[in-house]
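One structure is given here, and the rest of the page talks about it.
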Amino acid sequence: MKLKGTKRIIFEVIAVILSIVIFWVPFFFVIINSLKNKTDAALLDLSWPTAIQWSNYREVLIAQDHMVVRSFINSTLITLLSIAVLIVVSAMTGYVLQRRTDRWSGIIQFLVMAGLMIPPAVVPTIWVLDSIHLFKTMTGIVLVEVALGISFAVLLYRSFMATIPREIDEAAIVDGCGSMRMFFQMVFPLLMPVTSTVVVLSSVGIYNDFVNPLYFFPGAKNATIQLTLYNFTSMFNTSWNLLFADIILISLPPLVLFIFFNKKIVAGMTAGAVKG
Amino acid sequence: MAQTKKKTILALTGAVLLTSALTACGSNNNGNNTAANANANKSPEASQNAAAESPAASNDTASERYEKTVTLKLMIDNQTSTEGIKAVADEIEKRYNIKTEFDLRPGGDEGDNLVKTRLATGEMSDLSFYNSGSLFKALKPEKYFVDLTNEPFMQNVMDSFLPTVSVDGKAYAAPSGASQAGAWLYNKKVYAELGLSVPKTWDELKANSEKIKAAGKTAVIGSYKDSWTSQLIVLADYANVQADAPAFADDFTNNKAKFADTPAALRSFQKLSEMKDFMNKDYLATTYDQALKMLVDGTGVQYPMLTFALSNIFATYPDKISDIGVFAQPADSADKTALTVWMPAAISIYKDGKNIEAAKKWINFFASPEGMAIQATKAKPEGPYVIKGATLPDDAYEGVKEMMPYFDNGNNAPALEFLSPLKGPNLPQLTVEVGAGMKSAEDNAKAYDKDVEKQAKQLGIQGW
Amino acid sequence: MQKASITKTYKRLYTYKFLLPAGIIYFVLFLLPTIMSFFFSMTRWDLVDWEYIGFDNYKTFFSESSLNIGFRNTIIYAVVTCGLKVVFGLLLGVALTSGLRIKGYLRSVVFFPTLLSTIAVGIAFSSMMHPTQGLINKALAVAGIAGPDWLGNQNIALLSVALVDVWKGVGMATVIFIAGIMSIPEEYYEALQIDGGNAWDRFRHITNPLVAPAMNSVIILAFIGGLRSFDLVWAMTKGGPGFSTDLIASIIYKQYQGGFYGLSTAGNVILFIGVSLLAFPLLKLLSKREVDL
Chain A
99 MKLKGTKRII
109 FEVIAVILSI
119 VIFWVPFFFV
129 IINSLKNKTD
139 AALLDLSWPT
149 AIQWSNYREV
159 LIAQDHMVVR
169 SFINSTLITL
179 LSIAVLIVVS
189 AMTGYVLQRR
199 TDRWSGIIQF
209 LVMAGLMIPP
219 AVVPTIWVLD
229 SIHLFKTMTG
239 IVLVEVALGI
249 SFAVLLYRSF
259 MATIPREIDE
269 AAIVDGCGSM
279 RMFFQMVFPL
289 LMPVTSTVVV
299 LSSVGIYNDF
309 VNPLYFFPGA
319 KNATIQLTLY
329 NFTSMFNTSW
339 NLLFADIILI
349 SLPPLVLFIF
359 FNKKIVAGMT
369 AGAVKG
Chain B
227 MAQTKKKTIL
237 ALTGAVLLTS
247 ALTACGSNNN
257 GNNTAANANA
267 NKSPEASQNA
277 AAESPAASND
287 TASERYEKTV
297 TLKLMIDNQT
307 STEGIKAVAD
317 EIEKRYNIKT
327 EFDLRPGGDE
337 GDNLVKTRLA
347 TGEMSDLSFY
357 NSGSLFKALK
367 PEKYFVDLTN
377 EPFMQNVMDS
387 FLPTVSVDGK
397 AYAAPSGASQ
407 AGAWLYNKKV
417 YAELGLSVPK
427 TWDELKANSE
437 KIKAAGKTAV
447 IGSYKDSWTS
457 QLIVLADYAN
467 VQADAPAFAD
477 DFTNNKAKFA
487 DTPAALRSFQ
497 KLSEMKDFMN
507 KDYLATTYDQ
517 ALKMLVDGTG
527 VQYPMLTFAL
537 SNIFATYPDK
547 ISDIGVFAQP
557 ADSADKTALT
567 VWMPAAISIY
577 KDGKNIEAAK
587 KWINFFASPE
597 GMAIQATKAK
607 PEGPYVIKGA
617 TLPDDAYEGV
627 KEMMPYFDNG
637 NNAPALEFLS
647 PLKGPNLPQL
657 TVEVGAGMKS
667 AEDNAKAYDK
677 DVEKQAKQLG
687 IQGW
Chain C
67 MQKASITKTY
77 KRLYTYKFLL
87 PAGIIYFVLF
97 LLPTIMSFFF
107 SMTRWDLVDW
117 EYIGFDNYKT
127 FFSESSLNIG
137 FRNTIIYAVV
147 TCGLKVVFGL
157 LLGVALTSGL
167 RIKGYLRSVV
177 FFPTLLSTIA
187 VGIAFSSMMH
197 PTQGLINKAL
207 AVAGIAGPDW
217 LGNQNIALLS
227 VALVDVWKGV
237 GMATVIFIAG
247 IMSIPEEYYE
257 ALQIDGGNAW
267 DRFRHITNPL
277 VAPAMNSVII
287 LAFIGGLRSF
297 DLVWAMTKGG
307 PGFSTDLIAS
317 IIYKQYQGGF
327 YGLSTAGNVI
337 LFIGVSLLAF
347 PLLKLLSKRE
357 VDL
């Protein structure tokens, strides 16, 4: 469609207005109310604060013995560790799966797809984690996040591998490289574009994950950022200003990612989804 | 967080949680009333003074101060106000060099589950606060907690409390504070303005509610956004049920009586279904805290709730606490109206903890009249203590004073959850449906019976 | 090189040993629990001891209304969220590949919510959906409309949550459609232009059929996402009022909370079977459609 002239302008104006009503109003609503005092915020309206109260943010940060800060550290650690493991194991898997076709690869392919669709079995997973003494541990939750994220990452790597010519591998054979060395020295660096996609997408997913920490990483000490927010809903349920301030605080990391990697995220998601 | 308000916010989900630490007043079983009254009548100064004066006055264990600081972990739900407990813990640290580290857990079902998991995986804190009664017994205390039956401090505990923490005649926990009631809180100012008097029968309650509604106020506050609050009319009716059907608790536990086919018990659900027209318009979006605000403001006049709410009100609106009264949920006839009582939380010691001796010392002080008096300096009581010799302070809440006649006259009974291990987990949702008129009382009494059956089967309870 | 040696090198180079790290993690923490769930769903289980009770848990699940309401709700939720994401995603996709000068802005705005925390979105929207104080009903009141109790009315609560899900998730559908549309060669449109087709013809004859692979991805992702949904409902209604917004995943969680681990696991198995029964044929059907074109 190639709109022209006034028709295009009208269309654009309508689109902007709609985008403001549907998307900006909720954002603005949360931001503005996070800066009000408790009484004003209780009105849940869009009016400008009578006095801008930045101290809400401080109060949220120090609430319950700096719960938000501690949970932020937990969430960051979980995210970083999970991503690191995820990248390495998924890249290796995607690489071999794309290069090989035999009777095994079909089965493995199926298992990978299954991982995308099948809901994880919750209580048995707890039981397994507990049996290997990883229930409620950082290692445990990291491995769970990896296990549940592998499928998506492998699919991305596999489809990206298709764009890397086999000649590169073959050159390595001639050089007599070991397979492990060959992969990490020659192939892995070439996967950089898709690696960064996996990093961005998976980190958003893991950082925002609520269900898995809820089941597999319980306990006040273990609080993650999403669990803390959830628990604050009952604790702050008459203080919308504080609740909204917490929402803003925890939305900052995804916002930063979004600003820097907007194009990358979109490109990566679509590449994975359309080809996958 | 500084925070009385946050600390006191109690948004319990699911099973009704007994808040410890807050309260004052109340014993339970009819048989024990004399004891309770005797204590309540004792001069309050005695215990007050004990708290204020030197520690040495009370206790010979004071000399048993640890050389090196012993740290005990205390697991408690994050919705109980811990001010009073902290005050006692500070005193314990001063005397015995036992430091208390609070290990906060969620309340409600989420917390129950966490406790069970922690026990099953051997990671329990030294001390834990948990609901007494059937919920406590569901933890299999004989398996996980230290038998306290012969500890000297258990001599102080009133008999009415013991059955709620005992298995096969052995007690596995001490009380954390006072009992409380499930009843109707009401705004006395508005009652006076409208010339209303405390209802003695269910019909009188409805008549009062009509008048309040006609005056343009919310007669019955509903706060179903916190769905646990919707259970209160059913739960607080139990003393009335028992007046009509004294064997219900046992028969219910043994799969011989059902809510749906015991008229007295079904009545509890029917009462709930009769309240919709009296409730605030946005009762489905109203939370517990908002409900308390309505009650204090007088925009809402009556609120079926546990009396721990008095402590929340006192924390947030200290100048309004005297406006709030308490009456028992009325029965259909005045002579059957009785108050439903909740026991305080249980404090127990983890069997495999490293500091069992220190933990015993901790409880020894905590569950003493002196410990209770220190608690009362930070958190006023709401009913009689279940510790012998611990008495109500003079400045007890108005509402608590109004509760006393039910104890003096023996018109009270413990809540069903203290008499039976069965409490269906879906009761909050089922009572929301009845209260909101989405389902009939009869249908959901049946649904609740099925829910109970499911629980009994899942937990492998005998006779199901 | 001889054939045998090629195969040998090939096997050495692309050794399945590379799959071991991923395979072990995946097996231990995903496949193994999934397999075991079939067994544990037939037990009464407290994580330590179990007792075999046959199909009792399944019978309970299907007979009790507080449990089986989840089936109906989950299907409705998945169909509604998936349907709306496809419709709005496609419309936005077409609009954002047209000559609009603000498409970069629009794409960013539409996409940003997908990166937000579901819990945060749920909290924000439940405050806006408050029946008396909420922004939405206040705005409607200005227009003289008495807004419903979005989350309190049992008949619409599920749809309200579904709408928020769409708000949050439509950006994902949109970018997939954009990619699909962009991959359609320009010549097709040019050919149609020569034949004198209008905008609707362009959509009907070219965009719609050729965007099928993208459409399949959106449908599969959104539908399965809908079936497994938990966070948003839990943050907004906890399954209430009553049981009216309970999804299978929230019911599984509630049984877990109640300590009914066997029953909870039975719910998991039912969800597993449900997803497989619906998703794999859907996948097949859709990929067949793709081929037919």
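Residue numbers (my numbering), protein chains in the order written: chain A, 99 to 374; chain B, 227 to 690; chain C, 67 to 359. Each residue gets a CB set at the ideal place from its N, CA and C atoms; glycine is no exception. Since this is a predicted model, take the numbers as computed values, not measurements.
- Between the region 517-534 of chain B and the region 591-603 of chain B, the count of C-beta pairs closer than 8 Å stays below three; the two stretches do not touch.
- Assignment of ARG291(B) by DSSP, reduced to helix, strand and coil, places it in the coil class.
- Pairing ILE339(C) with LEU133(C) gives a Cβ-Cβ distance that is not under 7 Å.
- For LYS432(B), the enclosing alpha helix (DSSP H) stretches over residues 428-440.
- Just so you know, the alpha carbons of TRP216(C) and THR513(B) end up roughly 16 Å apart.
- A Cβ-Cβ separation of about 12 Å leaves GLY324(C) out of contact with PRO654(B) under the 8 Å criterion.
- Taking the Cβ atoms as the reference, THR240(C) lies roughly 7 Å from PHE177(C), within the contact range of under 8 Å.
- DSSP lists TYR529(B) and VAL552(B) as the bridge partner or partners of LEU411(B).
- Note on the region 342-392 of chain B: whole beta strand (DSSP E) runs with a minimum of 3 residues are 353-356, in chain order.
- Going by DSSP, LYS169(C) is part of the alpha helix (DSSP H) stretching over 169-177.
- When the five nearest sequence neighbours on each side are left out, the beta carbons in the same chain lying within less than 7 Å of the beta carbon of TYR255(C) are those of ARG268 and ILE272, in order along the chain.
- Taking C-beta atoms under 8 Å as the contact rule, ALA667(B) and GLN496(B) qualify, at a distance of about 4 Å.
- Of the residues HIS164(A), PHE127(A) and VAL242(A), the one whose Cα lies closest to the Cα of GLY303(A) is VAL242(A).
- For ARG331(B), no alpha helix (DSSP H) encloses it; the enclosing beta strand (DSSP E) starts and ends at 324-331.
- Note that the C-beta distance between LEU172(C) and SER117(A) is below 7 Å.
- For the C-beta of THR347(B), the chain A residues within less than 7 Å are, from N- to C-terminus, ASP228 and PHE233.
- Boundaries cannot be given for ASN320(A), as no beta strand (DSSP E) includes it and DSSP labels it neither H nor E.
- Around the C-beta of GLN688(B), fewer than 16 other C-beta atoms lie within 10 Å, and the residue is accordingly described as exposed.
- In this structure, the alpha-carbon of PRO316(A) lies about 36 Å from that of TRP410(B).
- Check the Cα spacing between TYR305(A) and each of ARG264(A), ASN154(A), ILE129(A) and ILE181(A): the tightest is with ILE181(A).
- In this chain, the alpha helix (DSSP H) harbouring TYR255(A) covers 236-259.
- At the C-beta level, ASP549(B) and LYS439(B) stay beyond 7 Å of one another.
- Ranked by how close their Cα comes to the Cα of LEU298(C), the residues GLY200(C), ALA212(C) and LEU182(C) have LEU182(C) in first place.
- According to DSSP, residue pairing for TRP116(C) in a beta bridge involves TRP111(C).
- If you check each beta-carbon in the region 491-516 of chain B against every beta-carbon of chain A, the ones closer than 7 Å belong to THR513, ASP515 and GLN516.
- Around the beta-carbon of GLY103(A), fewer than 16 other beta-carbon atoms lie within 10 Å, marking it exposed.
- With a 10 Å radius around the Cβ and a threshold of 16 neighbouring Cβ atoms, HIS196(C) comes out buried.
- Interface annotation, LEU340(B): in contact with chain A, CB-CB separation under 7 Å.
- Around the beta-carbon of LEU287(C), 16 or more other beta-carbon atoms lie within 10 Å, marking it buried.
- According to DSSP, residue pairing for MET505(B) in a beta bridge involves VAL446(B).
- Residue-level contact check: TYR124(C) does not touch chain A, since none of the beta carbons of chain A fall below 7 Å from its beta carbon.
- Interface criterion not met: the Cβ of SER316(C) is under 7 Å from no Cβ in chain A.
- Within 10 angstroms of the beta-carbon of TRP202(A) lie fewer than 16 other beta-carbons, which makes it exposed.
- By the C-beta density criterion, GLY120(C) is exposed, having fewer than 16 other C-beta atoms within 10 angstroms.
- A Cβ-Cβ separation of about 4 Å places GLU659(B) in contact with GLY308(C) under the 8 Å criterion.
- Its Cα nearest to that of ASN590(B), the residue SER574(B) stands out among ALA639(B), THR542(B) and SER574(B).
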